[in-house]
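Only one structure is covered here, and it is reproduced in the block below.
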Ligand SMILES: [Fe+2]
Ligand SMILES: [Fe+2]
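Protein chains in written order, with the numbering used here: chain L, 3 to 137; chain H, -16 to 425.
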């Protein structure tokens, strides 16, 4: 179900989280992982990539450009509109999930999470995405 | 038991380590080490304690700390501890991924309860005790538990401050076991009560055989603990803590008895930095344990004398102290034997106020039953029983503690050697070994 060569972009202001998510992804089998430490850097990388990213995993709470604002920007641009987008939220910001859904998030994960949860949510995100493109 | 401390202050680490006894600890103080531990997949821990105490970890927000640790150690209990009331929000910490959070020292007892109930294997939490450790007349010094052997579950049958009532006795009888358990975190309260009870029993009139039996079983228990390091099946660290525990009980027992004040004062006055303090305090412990065997009630005075008996050795050169007595030249021997008189002099110089009988016992601690001792070659009949007891405890410590490179004997071997030497009253040795439950020599 996954294409393990798919380039994945991780966006998080915390080095610890970027490393841990990358590690979890490598554990699942993904091999092409890039990271960015804020929304602007991520936007830069997303729009200048030679091979378009197949998935974005972004933290919600980030200084400057928040995860949700970044998501909105991604969904507005025709180049990135269809890219599966996964938001990482802390339990405390769960209430805002509705906003994320409206903004077009593919799926979200509540931190802290296990690699297993990540895998399941990835599957969900892909399934949703495939459903959308088929329709 | 393996523990990981992340950003926790060292005084706190020391406190926890002392509670958990033999537990291996890894300490992480800065964010680089933190990254390393998250990257290293080989490591596992039984418990993780995290905080932002240390300067280098302060910059890491507690949610990052929680998420990082939780993702790396999914099933390990990770507890956040902090001393700062500011922003303290337990629910918030748990949301971030901590198993629990404690504000110390305010929530100290809750924290200990958590360690007891959720984290530690039962043998680390509970200590086995016996029914006679508790007094029928005094409120319980701590909670008392019973273990159901089938599922190794501990049930509380006595509550701290309450009494060990009929219901508890019934439960104990029905359980078919005589073993009771207390929480190790309440050991201090338990030991203090135990020491008070021994002091009471030892200094009071032992008219009932039951009281005598109680005292004897307590003394035997302590004595066994002191020598349990000799048992090779026992973990060394366990043995060490047992000895420490036994010594604390004896200390309290002496200090808690009728005339324990002198003992306490003398302890302070001579100070633990006295050159042979450990020998002196060992001898004090042993005489206290041997005294009930001879129905001696002035335990505190006896222990005080033991503490002071060798003060005079400080003026004897260590080369002389290290040699066997038979190898000493005439001059060296004179110097060595002078330590007895010197001890009495030092007591005067330091203005240590002790009773006349304590002086006498110290003066006689090298006299021997067969009249071959020094300085006065007194015959056995003229040596105070207390002085004989100090002499026995003195030699017993020497024989069992591998001093001066000598082979260590076990208690039984040591008493046998003394029994056969002629230096000590064989009847006294017999009474002691009988009292302590050691096989007698005849
Ligand atoms: Fe001596
Ligand atoms: Fe001595």
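Glycine included, each C-beta is placed from N, C-alpha and C at the ideal position.
Give the interface partners of residue i over in chain L, defined as CB-CB distance under 8 Å, in chain order.
i: residue 47 of chain H; result: 16, 18 and 19
i: residue 80 of chain H; result: 113 and 114
Closer than 9 Å by beta-carbon distance: list the chain H residues that pair up with residue i, in chain order.
i: residue 22 of chain L; result: 21, 50, 51, 54 and 55
Can you name the start and end residues of the beta strand (DSSP E) that residue i belongs to?
i: residue 119 of chain H; result: Counting along the chain, residue 119 of chain H falls outside any beta strand (DSSP E), and DSSP gives it neither H nor E.
i: residue 53 of chain L; result: No beta strand (DSSP E) contains residue 53 of chain L, which DSSP labels as neither H nor E.
i: residue 130 of chain H; result: 127 to 131
i: residue 83 of chain H; result: 83 to 86
i: residue 141 of chain H; result: 136 to 141
i: residue 166 of chain H; result: 163 to 166
i: residue 31 of chain H; result: 30 to 33
i: residue 313 of chain H; result: First-last for residue 313 of chain H: 313 to 320, but that is the alpha helix (DSSP H), not the beta strand (DSSP E).
i: residue 12 of chain L; result: 10 to 13
i: residue 111 of chain H; result: 109 to 112
i: residue -12 of chain H; result: -15 to -11
Since residue i meets chain L, which of its residues come closer than 7 Å, beta carbon to beta carbon?
i: residue 16 of chain H; result: In chain order: nothing, as chain L lies at least about 12 Å away.
Nearest by alpha-carbon distance to residue i: which of the options is it?
i: residue 123 of chain H; options: H:32, H:144, H:-15 and H:108; result: H:144
i: residue 162 of chain H; options: H:137, H:226, H:-14 and H:333; result: H:137
i: residue 316 of chain H; options: H:296, H:332, H:334 and H:335; result: H:296
i: residue 160 of chain H; options: H:121, H:172, H:114 and H:298; result: H:114
i: residue 350 of chain H; options: H:31, H:175 and H:373; result: H:373
i: residue 403 of chain H; options: H:352, H:151, H:330 and H:73; result: H:352
i: residue 210 of chain H; options: H:-13, H:380 and H:156; result: H:380
i: residue 173 of chain H; options: H:193, H:307, H:19 and H:118; result: H:118
i: residue 35 of chain H; options: H:47, H:28 and H:150; result: H:47
i: residue 83 of chain L; options: L:64, L:127, L:106 and L:101; result: L:106
i: residue 328 of chain H; options: H:274, H:54, H:21 and H:342; result: H:342
i: residue 43 of chain L; options: L:63, L:79 and L:14; result: L:14
i: residue 334 of chain H; options: H:208, H:253, H:309 and H:292; result: H:253
i: residue 40 of chain H; options: H:18, H:57, H:155 and H:292; result: H:18
i: residue 29 of chain L; options: L:47, L:101, L:109 and L:6; result: L:6
i: residue 114 of chain L; options: H:71, H:129, H:344 and H:49; result: H:49
i: residue 10 of chain L; options: L:129, L:85, L:111 and L:100; result: L:85
i: residue 14 of chain H; options: L:40, L:37 and L:17; result: L:17
i: residue 260 of chain H; options: H:247, H:293 and H:229; result: H:293
i: residue 157 of chain H; options: H:171, H:131 and H:146; result: H:131
i: residue 102 of chain L; options: L:77, L:120, L:38 and L:124; result: L:77
i: residue 127 of chain L; options: L:56, L:21, L:35 and L:64; result: L:56
i: residue 87 of chain H; options: H:183, H:54 and H:32; result: H:32
i: residue 30 of chain H; options: H:325, H:82 and H:-7; result: H:82
i: residue 24 of chain H; options: H:416, H:52 and H:281; result: H:52
i: residue 40 of chain L; options: L:62, L:109 and L:22; result: L:62
i: residue 20 of chain H; options: L:8, L:22, L:109 and L:45; result: L:22
i: residue 413 of chain H; options: H:179, H:273 and H:3; result: H:273
i: residue 336 of chain H; options: H:3, H:11, H:288 and H:84; result: H:288
i: residue 80 of chain H; options: L:91, L:66 and L:32; result: L:91
i: residue -11 of chain H; options: H:10, H:-1, H:2 and H:357; result: H:10
Which two residues bound the contiguous alpha helix (DSSP H) that contains residue i?
i: residue 37 of chain L; result: Run containing residue 37 of chain L: none in the alpha helix (DSSP H); it sits in the beta strand (DSSP E), 35 to 38.
i: residue 372 of chain H; result: 368 to 383
i: residue 97 of chain H; result: 91 to 97
i: residue 63 of chain H; result: Where residue 63 of chain H is concerned, there is no enclosing alpha helix (DSSP H), although the beta strand (DSSP E) it sits in stretches over 61 to 65.
i: residue 18 of chain L; result: 17 to 30
i: residue 302 of chain H; result: 301 to 305
i: residue 339 of chain H; result: 339 to 346
i: residue 9 of chain H; result: Looking at the DSSP string, residue 9 of chain H is not in any alpha helix (DSSP H); the run it does join, the beta strand (DSSP E), is 7 to 11.
i: residue 91 of chain L; result: Careful: residue 91 of chain L lies outside any alpha helix (DSSP H), inside the beta strand (DSSP E) at 87 to 92.
i: residue 67 of chain L; result: Unbroken run through residue 67 of chain L: none, as it is neither H nor E.
i: residue 99 of chain L; result: 99 to 105
i: residue 202 of chain H; result: 192 to 209
i: residue 78 of chain H; result: 73 to 79
Please report the Cβ distance between residue i and residue j, rounded to the nearest whole angstrom; I am assuming they are in contact, meaning their Cβ atoms lie under 8 Å.
i: residue 108 of chain H; j: residue 167 of chain H; result: 6 Å
i: residue 112 of chain H; j: residue 165 of chain H; result: 6 Å
i: residue 57 of chain H; j: residue 116 of chain L; result: 5 Å
i: residue 276 of chain H; j: residue 245 of chain H; result: The pair is not a contact, with the Cβ atoms about 23 Å apart (cut-off 8 Å).
i: residue 382 of chain H; j: residue 400 of chain H; result: 6 Å
i: residue 233 of chain H; j: residue 377 of chain H; result: Not quite, the Cβ-Cβ distance comes to about 16 Å (not below 8 Å), so this is no contact.
i: residue 420 of chain H; j: residue 203 of chain H; result: 5 Å
i: residue 175 of chain H; j: residue 99 of chain H; result: Their Cβ separation, rounded to whole angstroms, is 20 Å, which puts residue 175 of chain H and residue 99 of chain H out of contact at 8 Å.
Indicate, with yes or no, if ligand 3 has a heavy atom lying under 7 Å from the CB of residue i.
i: residue 293 of chain H; result: This structure simply doesn't include ligand 3; it includes ligand 1 and ligand 2 instead.
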